[in-house]
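Sequential numbering of the sequence shown, starting at 986, is according to the numbering used here.
Even glycine gets a Cβ: it sits at the ideal position worked out from N, Cα and C.
Below you'll find the structure, written out as structure tokens, and then a few comments.
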Amino acid sequence: MYVAGVLIHLAGASTSVVVDLATGVPTIRHWGAALEPDVDLDGAFAVTERPIVHGGLDVEAPLSLAPEHAAGFPGRPGLAGHRRAGRDWSARFTATAHTLDVGVGSSTLTATAVDEIARLSIVTTIVLAEALTVQMTLTNLHASERYLFDRLDVTLPMPAHANELLQFSGRWTREMQPARTPFTHGAVTAENRSGRTSHEHVPVLFVGTAGFGEWSGEVWGLHLAWSGNHGWLAEVLPDGRRMVQLGELFHPGEMSLRPGETYTTPQVIGSYSPRGLTPASWGFHRSLRARPSHPSIDRPRKVLINTWEAVYFDHDADTLRRLADAAAEVGIERFVLDDGWFGSRRDDRSGLGDWWVSPDAHPDGLAPLIDHVRSLGMDFGIWVEPEMVNPDSDLFRAHPDWALVTPGYEPVLGRHQLVLNLAIPEAYAHIFDALDALLREHEIAFVKWDMNRNHVHGSGSHGAAGTHEQTLALYRLLGELRAVHPTVEFESCASGGGRIDHEILRYAERVWTSDSNDALERQTIQRGLSMFVPPELMGAHIGPRSSHTTGRRHSLAFRAATALFGHLGVEWNLLSMRDDERAALAAVIATHKQLRPLLHGGDVVRFDSSDGATCAHGVYARDRSAALISVAQLTTAPSLVPMPVRLPGLDPRRRYRIERLHLADAPAALGLNRVQPGWLTDGAIVTGRDLEVLGIQPPAMHPESAVLFHLTDATASGKLLG
């Protein structure tokens, strides 16, 4: 670690971050390729000094982590706020102290800056470990006056040669859709006011050199770890500098600090790669996997069945028992009872908030079903939606004032429900007590925590907009439940993929990727999510023959090949299956269990498609001793024969045995081939270098089908999966 004057070098294994402390709030002068450990920082950065030109100010304001209008910054300031009558509206900070803590594989820099006139301070924490994290805490130092603020965003500089953006948007059942934008002039922005992470404006952004791909170009990945309203801005300033700002988005008047109070921004997490998107995603994955709360590879992720698409609201006891029997027979390890078990919840119009077992749906309670499930060797999970309340519920009739609405206005319903204001202590306590009792009184190992409605016109306990308070209350509720029920796993679901971010993953071991189990849609959705979430956290289900959300029909082989690369589940009425389908599903589940250590512990890899007709991805073992590769044919391609898929990043000297992995009725997908390449049936032995330079030739396939390739060390003994 090298400190020179006011420049501090945080050195990672392949990344360097240079921080300038002379700018009040720190400025990141370099985040990217590693510098030499003994670099002369003063000398190196002296030759990057920018000129003062005509048409501008006599100084160039620093592009700090919270750039200041008061210093002459020409873009959007990082902090926006004021006191009464509009005073103290443009702060200017001076550095006062810093500390540097260097550990094994991690360095932490904490810097304090103060504005004595505006009576504010900002403490910035910068950590370089598996990824870069930045967080700021604003404190109101005034003895008697509030500070009202609209924004405190983390601002990160981007180098001049980073001139392309990759962002993600979407909608319900079509999440994580990629979109590229030139980053050469002006600004690109996205704002989310849904009250959750959202389907539409995912707080993930990649910036890179022109045409960057999965294995090419420099890439900087950025993620705001926050489960509520947020916004980001990517801008090329008139003076040529580039920046990205990310932060929580507030409604008017939502945030103010009383004297002595603080506000801490969500973490901004960054991952740099000199070689494309795939290595950049590893920084996000490894930072999650380094957390103590992350599911351990020593405890395999249990294959589950979710009852929703099998029975919906029809909780017939005999049907559920027979469904559990069928699940156990095919190797499922967890039985999750979805919506419809509580209160008056026989459809989606009533019952939310009444978290007691319905005598109509379960006359003998849940215990008989749970006992039956556990006797089959499975554990039991359950669906809840605690942040919501139906107007047609006992809870709402008793406490209509607990809804997150604005008094005097007719509230806007969504799915016949309102948001329950968890920032009201009595409402919070009611929900905590109900869920605590549910988990204490039953052998429940897993909770699917849903959230099916956006925040609309929701005023909190003090009359101002309530989304910020609601988000913090959600975190507190999940944290307290986990503390008293440490063996229970939680899943974050919000109409599918509406609440997926690294902060909710402090409280959940799984995210429900999408309400769509359509394998074709899932290929793109899961590929996008893999940019910042590893597969062991990504719920991926084998749905029925005909998709619930699209009506498409897919082979079991295609559905299985798609769901295999996640935390596997089944959402299919097993009682409606043919015997051959049941046997094929059992074989798929057995294969997944054998591959779990690789799938849930390896490095996710993705490969570029030149024609857009295929989706190629997979997982490499961390030591590169094995790999599983999927090539999915999404549509017909321009050429009759598909392009070879090159596999960078393997051990170039290692000799790999490569064989096709069969799933279910996969041979039918290859009906377009008159003559198969011989290695598809006989296997082959090639080096990692061969696979990177020459690639692997997939067979011609029907659209909406996939082929899997399994690579193992050719010197190792033992039979491959087949």
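Practice item. Assess, as a yes-or-no matter, whether the segment 1271 to 1291 is touched by the segment 1318 to 1325 under the definition of 3 or more beta carbon pairs within less than 8 Å. Key: yes
Review point. Got a sec: does the ligand NAD put a non-hydrogen atom nearer than 6 Å to the Cβ of residue 1250?
Key: Ligands displayed in this structure: none; no statement on the ligand NAD is therefore possible.
Exercise for review: Out of 1198, 1253 and 1166, state which residue places its alpha-carbon closest to the alpha-carbon of residue 1208.
Suggested key: 1253
Exercise for review: Reducing DSSP to helix, strand and coil, say where residue 1167 ends up.
Suggested key: strand
Point to revise | residue 1696 classed as buried or exposed, judged by whether at least 16 other C-beta atoms fall within 10 angstroms | key: buried
Exercise for review: With DSSP as the reference, please indicate the residues paired to residue 1508 in a beta bridge.
Suggested key: For residue 1508, which the question treats as bridged, DSSP gives no partner whatsoever.
Point to revise | Span separating the alpha-carbon of residue 1100 from that of residue 1615 | key: 55 Å
Point to revise | Neighbourhood of residue 1146 by C-beta distance below 6 Å, restricted to the same chain and skipping five residues each side | key: 1194
**Study point:** Whole-angstrom distance between residue 1670 and residue 1510, CA atom to CA atom
**Key:** 33 Å
**Study point:** Nearest neighbour of residue 1262, chosen from 1589, 1608, 1630 and 1619 [CA to CA]
**Key:** 1589
Point to revise | Length of the line joining the Cα atoms of residue 1295 and residue 1566 | key: 16 Å
Check your understanding: Does the distance from the C-beta atom of residue 1642 to that of residue 1677 stay below 7 Å?
Key -> no
Check your understanding: Which of the three DSSP states, helix, strand or coil, is assigned to residue 1455?
Key -> helix
**Study point:** Rounded straight-line distance, which links the Cα of residue 1152 to that of residue 1229
**Key:** 12 Å
Point to revise | Meets three-Cβ-pair contact criterion under 8 Å: the segment 1468 to 1478 and the segment 1197 to 1205 | key: no
Point to revise | Reduced DSSP secondary structure (H/G/I, E/B, other) of residue 1198 | key: coil
Point to revise | Exposure of residue 1368, with buried meaning 16 or more beta-carbon neighbours within 10 Å | key: buried
Practice item. Going by DSSP, name the residue or residues bridged to residue 948. Key: Because the chain in this structure spans residues 986 to 1707, residue 948 falls outside the shown range and cannot be described.
Review point. Roughly how many angstroms lie between the CA atoms of residue 1385 and residue 1157, to the nearest whole one?
Key: 29 Å
Exercise for review: Let me know the secondary structure DSSP gives residue 1475 once reduced to three states.
Suggested key: strand
Review point. Does the segment 1481 to 1496 come close enough to the segment 1510 to 1529 that 3 or more CB-CB pairs lie under 8 Å?
Key: yes
Exercise for review: Round the Cβ separation of residue 1592 and residue 1689 to the nearest angstrom and send it over; I've been treating them as touching at under 8 Å.
Suggested key: The Cβ separation is near 19 Å, so there is no contact.
Point to revise | Classification of residue 1605 by the beta-carbon crowding that lies within 10 angstroms, buried from 16 upward | key: buried
Review point. Buried or exposed: residue 1141, going by 16 or more other Cβ atoms within 10 Å of its Cβ?
Key: buried
Check your understanding: So residue 1220 is in the beta strand (DSSP E); what residue range does that whole segment cover?
Key -> 1215 to 1221
**Study point:** Distance CB(residue 1560)-CB(residue 1311) smaller than 7 Å
**Key:** yes
Exercise for review: Please specify which runs of the beta strand (DSSP E), each continuous and at least 3 residues long, are wholly inside the segment 1264 to 1303, giving them in chain order.
Suggested key: 1289 to 1291
Exercise for review: Label residue 1531 either buried or exposed according to how many other C-beta atoms from any shown protein chain fall within 10 Å of its C-beta, with 16 as the threshold for buried.
Suggested key: exposed
Check your understanding: residue 1134 lies in the beta strand (DSSP E); which residues open and close that run?
Key -> 1132 to 1137
Review point. What residues in its chain sit with their C-beta under 7 Å from that of residue 1350, if we drop five residues either side in the sequence?
Key: 1342
Review point. Using a Cβ-Cβ cut-off of 7 Å (strictly less than) and excluding sequence neighbours within five positions of residue 1583, which residues of its own chain qualify?
Key: 1604, 1606, 1611 and 1613
Check your understanding: Do you know whose CA, among 1418, 1442 and 1415, lies nearest residue 1394's CA?
Key -> 1442
**Study point:** Whether residue 1244 touches residue 1091 by CB criterion (7 Å)
**Key:** no
Check your understanding: Three-state secondary structure (DSSP) at residue 1326?
Key -> coil
Practice item. Would you list the one or two residues that DSSP bridges to residue 1588? Key: 1605
Check your understanding: Three or more C-beta pairs closer than 8 Å, one from the segment 1445 to 1453 and one from the segment 1109 to 1125: is that the case here?
Key -> no
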